[in-house]
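Peer 1: Have a look at this one.
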Amino acid sequence: MKYQVAIIGGGPAGYTAAEAAARAGLSVVLFEKRALGGVCLNEGCIPTKTLLYSAKVYDTACHAQKYAVSVQSPAFDLPKIIARKQKVVRKLVLGIKSRLTAAGVTMVTGEAEVADKNHVKCGEELYECDNLLLCTGSETFIPPIPGVEGVPYWTHRDALDSKQLPQSLAIVGGGVIGMEFASFFNSLGTKVTVIEMLDEILGGMDRELSALLRADYAKRGITFLTSTKVTALEGDASSVRVSVENADGASVVEAEKVLLSVGRRPVLKGFGLENLDLEKDERGRLRVDSHMQTSLPGVYACGDLTGCSLLAHTAVREAEVAVHHILGKADEMSYAAIPGVVYTNPEIAGVGETEESLQRKGIACRTVKLPMAYSGRFVAENEGVNGVCKLILSENGVILGAHVLGNPASEIIVQAGMAISLGLTAEQWARMVFPHPTVGEIFKEVCVEAGH
Numbered sequence: 530m531k532y533q534v535a536i537i538g539g540g541p542a543g544y545t546a547a548e549a550a551a552r553a554g555l556s557v558v559l560f561e562k563r564a565l566g567g568v569c570l571n572e573g574c575i576p577t578k579t580l581l582y583s584a585k586v587y588d589t590a591c592h593a594q595k596y597a598v599s600v601q602s603p604a605f606d607l608p609k610i611i612a613r614k615q616k617v618v619r620k621l622v623l624g625i626k627s628r629l630t631a632a633g634v635t636m637v638t639g640e641a642e643v644a645d646k647n648h649v650k651c652g653e654e655l656y657e658c659d660n661l662l663l664c665t666g667s668e669t670f671i672p673p674i675p676g677v678e679g680v681p682y683w684t685h686r687d688a689l690d691s692k693q694l695p696q697s698l699a700i701v702g703g704g705v706i707g708m709e710f711a712s713f714f715n716s717l718g719t720k721v722t723v724i725e726m727l728d729e730i731l732g733g734m735d736r737e738l739s740a741l742l743r744a745d746y747a748k749r750g751i752t753f754l755t756s757t758k759v760t761a762l763e764g765d766a767s768s769v770r771v772s773v774e775n776a777d778g779a780s781v782v783e784a785e786k787v788l789l790s791v792g793r794r795p796v797l798k799g800f801g802l803e804n805l806d807l808e809k810d811e812r813g814r815l816r817v818d819s820h821m822q823t824s825l826p827g828v829y830a831c832g833d834l835t836g837c838s839l840l841a842h843t844a845v846r847e848a849e850v851a852v853h854h855i856l857g858k859a860d861e862m863s864y865a866a867i868p869g870v871v872y873t874n875p876e877i878a879g880v881g882e883t884e885e886s887l888q889r890k891g892i893a894c895r896t897v898k899l900p901m902a903y904s905g906r907f908v909a910e911n912e913g914v915n916g917v918c919k920l921i922l923s924e925n926g927v928i929l930g931a932h933v934l935g936n937p938a939s940e941i942i943v944q945a946g947m948a949i950s951l952g953l954t955a956e957q958w959a960r961m962v963f964p965h966p967t968v969g970e971i972f973k974e975v976c977v978e979a980g981h
């Protein structure tokens with residue numbers, strides 16, 4: 530069986546590439562050993578946001594009096610929340626399958642193995658291809674903490690499926706995954722402790738806004754141990770003891786459950802990658818060019834596998850670029866305006882450069898920020914809640930970065946991403962007409978402030 534395009538991995542990169550190539554008239558075969566949608570849809574982006582929305586609704590009900598609304602004894606049903614999450618996932622997986630079928634993609638369930646750049650084996654069948662796309666994604670990294678093998682720890686997958694609410698939870702890792710689960714369990718009443726090795730949570734996000742978010746959740750009862758190293762784990766199904774060290778010395782955090790969320794790493798083994806002998810960079814990541822092509826012509830790598838930006842929306846764009854290159858369309862991948870979002874309540878989002886990243890590069894910049902209260906819509910919908918919008922500008926006023934703390938940061942950050950991609954100055958962006966009242970108007974307000 531011969532195809533013009535063979536794709537290994539049915540996550541955001543894989544299914545995007547498959548549909549785009551097939552709709553362009555190419556013959557496509559897609560291999561997926563588990564479920565279409567990959568980690569993002571089945572055990573990552575979508576299920577976590579489904580749980581977080583239930584928690585947000587519960588939060589709103591508990592504080593409804595702020596909006597002159599009376600809600601008697603708000604409560605939640607965790608098994609039903611989990612069931613709803615599973616229903617949402619099933620619906621979206623079926624949607625992807627339907628779209629791929631309509632596009633004419635051949636889908637093969639099973640473990641694919643690369644024989645060479647033009648042949649993929651799955652089961653007893655050998656598939657020939659002109660172009661090969663590797664979209665195998667990433668996996669949870671389990672740190673080599675002494676005692677970890679003997680402790681029934683949680684990964685994000687376990688936390689997503691648990692129908693029992695722990696009384697207390699220790700989260701090792703204050704990154705995006707750790708903070709989103711901290712938000713979820715805190716809202717439902719679990720005593721949460723976040724242990725982070727760095728001196729601030731959410732490394733890579735705007736440091737000032739990350740600190741404000743941490744302070745907000747500390748007021749809600751979450752304990753944060755930053756600049757803290759986990760030295761050992763011990764315990765059983767009923768309780769876990771996490772030994773830690775920081776500037777104050779050694780101590781022990783006791784909790785009913787422990788969630789390990791220190792990061793993810795590209796899946797580079799288990800599908801015959803070694804048979805291609807592809808070039809890697811100094812960090813061991815697959816080397817790709819601006820078209821997502823590896824050192825071997827006709828072989829592309831997209832998504833988490835590259836280790837560049839482990840985000841679903843990045844994977845989608847990389848897949849589009851790879852398919853365009855196969856089709857002979859001019860296109861290149863740019864990482865200058867990739868939005869990052871943390872779906873806590875409130876949300877925090879950023880795109881482009883941060884003050885810290887520009888400082889490391891030795892690039893001069895100017896920062897302009899305003900409280901989110903400058904947006905009338907924000908005030909109307911966020912009683913008693915603060916927020917911040919910050920723009921990072923070059924010396925001549927070009928927008929280099931934008932960062933927002935406050936709902937709905939995830940929905941408005943794309944506006945800033947477009948401004949950065951287009952190379953707009955604050956003065957040019959301020960001339961755009963924003964609908965009123967919207968939270969997105971905050972960007973216009975900050976741009977106007979930048980001109981004063």
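Just remember that this note's numbering sits 529 ahead of the position in the sequence shown, which is counted from 1.
All residues carry an ideal CB built from backbone N, CA and C; glycine is no exception.
Is DSSP giving residue 603 helix, strand or coil here?
Peer 2: Three-state DSSP puts residue 603 in coil, outside helix and strand.
Peer 1: Secondary structure at residue 671, three-state DSSP: helix, strand or coil?
Peer 2: It is coil, neither helix nor strand.
Peer 1: For residue 675 and residue 766, which I take to be in contact (beta-carbon distance under 8 Å), what is that distance rounded to the nearest angstrom?
Peer 2: 20 Å between Cβ atoms; not a contact.
Peer 1: Based on the DSSP secondary-structure assignment, which residues constitute the bridge partners of residue 654?
Peer 2: According to DSSP, which records beta bridges pairwise, residue 654 is partnered with 651.
Peer 1: Grab me the residues of residue 787's own chain with a C-beta within less than 8 Å of its C-beta, minus the 5 sequence neighbours each way, in chain order.
Peer 2: Closer than 8 Å at Cβ, skipping near neighbours: 680, 682, 683, 698, 699, 700, 701, 762, 764, 769, 771.
Peer 1: Please report how far the alpha carbon of residue 711 lies from the alpha carbon of residue 647, in whole angstroms.
Peer 2: Residue 711 and residue 647: Cα-Cα distance of roughly 45 Å.
Peer 1: I need the boundaries of the alpha helix (DSSP H) containing residue 576, first residue and last residue.
Peer 2: That run of the alpha helix (DSSP H) goes 574 to 591.
Peer 1: Measure from the alpha carbon of residue 792 to the alpha carbon of each residue in 563, 708, 651, then state which is nearest.
Peer 2: Among 563, 708, 651, the Cα nearest to that of residue 792 is on 708.
Peer 1: What is the DSSP secondary structure of residue 931, counted as helix, strand or coil?
Peer 2: The answer is strand: DSSP assigns residue 931 an E or B state.
Peer 1: Determine the burial state of residue 921: buried for a count of at least 16 other Cβ atoms within 10 Å of its Cβ, exposed for fewer.
Peer 2: Label assigned to residue 921: buried.
Peer 1: Pick helix, strand or coil for residue 555, following the three-state DSSP scheme.
Peer 2: Residue state, collapsed to three classes: coil.
Peer 1: Based on DSSP bridge pairs, tell me the residues matched to residue 720.
Peer 2: Bridge partners of residue 720: 697.
Peer 1: So which of 725, 813, 687, 751 has the shortest CA-CA distance to residue 716?
Peer 2: Of the listed residues, the one whose Cα sits closest to residue 716 is 751.
Peer 1: Span of the beta strand (DSSP E) holding residue 643?
Peer 2: Where residue 643 is concerned, the enclosing beta strand (DSSP E) stretches over 641 to 645.
Peer 1: Given residue 548, which residues of its chain have a CB within under 8 Å of its CB, disregarding the five upstream and five downstream residues?
Peer 2: Same-chain partners within the cutoff: 628, 629, 632, 634.
Peer 1: Please report the residue range of the alpha helix (DSSP H) in which residue 757 lies.
Peer 2: Here residue 757 belongs to no alpha helix (DSSP H), and DSSP marks it neither H nor E.
Peer 1: Pop quiz: residue 667 and residue 795 are said to be a contact at Cβ under 8 Å. What is the actual Cβ separation, rounded to whole angstroms?
Peer 2: Confirmed, about 5 Å.
Peer 1: Using three-state DSSP, classify residue 967 as helix, strand or coil.
Peer 2: Reduced to three states, the DSSP call for residue 967 is coil.
Peer 1: Quick one, which of 606, 571, 665, 905 has its alpha-carbon nearest residue 983's?
Peer 2: Residue numbering for the chain in the displayed model covers 530 to 981; residue 983 lies beyond these limits and cannot be assessed.
Peer 1: How about residue 899 and residue 880: do their beta carbons lie closer than 9 Å?
Peer 2: The answer is no: Cβ separation not under 9 Å.
Peer 1: What does the alpha-carbon distance come out to for the pair residue 997 and residue 945?
Peer 2: Since the first residue of the chain shown is 530 and the last is 981, residue 997 is not available in this structure.
Peer 1: Would you please state the rounded distance, in angstroms, between the beta carbons of residue 756 and residue 779? I believe it to be under 8 Å.
Peer 2: 14 Å between Cβ atoms; not a contact.
Peer 1: Are the Cβ atoms of residue 848 and residue 664 separated by less than 9 Å?
Peer 2: Yes, the pair counts as a contact, with Cβ atoms nearer than the cut-off.
Peer 1: Can you name the start and end residues of the alpha helix (DSSP H) that residue 531 belongs to?
Peer 2: From DSSP, residue 531 is part of no alpha helix (DSSP H) but of the beta strand (DSSP E) over 531 to 537.
Peer 1: Tell me, which residues are paired with residue 560 by DSSP?
Peer 2: Its beta-bridge partners are 537, 637.
Peer 1: Would you tell me roughly how many angstroms separate the C-alpha atoms of residue 840 and residue 832, rounded to the nearest one?
Peer 2: So the two alpha carbons sit approximately 8 Å from each other.
Peer 1: Less than 6 Å between C-beta atoms, sequence neighbours within five positions excluded: which residues of the same chain meet that for residue 551?
Peer 2: Here the set comprises 557, 632, 633, 634.
Peer 1: Among 714, 902, 695, which has the Cα closest to the Cα of residue 581?
Peer 2: Measuring from the Cα of residue 581, the nearest candidate turns out to be 714.
Peer 1: Mind reading off the beta-carbon distance from residue 640 to residue 562? Whole number of angstroms is fine, and I expect it under 8 Å.
Peer 2: Correct: roughly 5 Å between the Cβ atoms.
Peer 1: Less than 8 Å between the CB atoms is what I'm expecting for residue 959 and residue 980, so what's the real figure, rounded?
Peer 2: Right, their Cβ atoms sit about 7 Å apart.
Peer 1: Specify whether the stretch 806 to 815 and the stretch 855 to 862 touch according to this definition: at least 3 beta carbon pairs, one from each stretch, less than 8 Å apart.
Peer 2: These segments do not touch.
Peer 1: Taking the alpha-carbon positions, what's the residue 914 to residue 595 distance?
Peer 2: Looking at the two C-alpha atoms, the distance is approximately 11 Å.
Peer 1: Nearest-angstrom Cα distance between residue 615 and residue 608?
Peer 2: Cα-Cα distance, rounded: 11 Å.
Peer 1: Give, in chain order, every unbroken run of the beta strand (DSSP E) that is at least 3 residues long and sits entirely within the stretch 872 to 928.
Peer 2: With a minimum length of 3 residues, the continuous beta strand (DSSP E) runs that stay inside the stretch 872 to 928 are 877 to 881, 895 to 900, 917 to 922.
Peer 1: At what residues does the beta strand (DSSP E) containing residue 704 begin and finish?
Peer 2: Counting along the chain, residue 704 falls outside any beta strand (DSSP E), and DSSP gives it neither H nor E.
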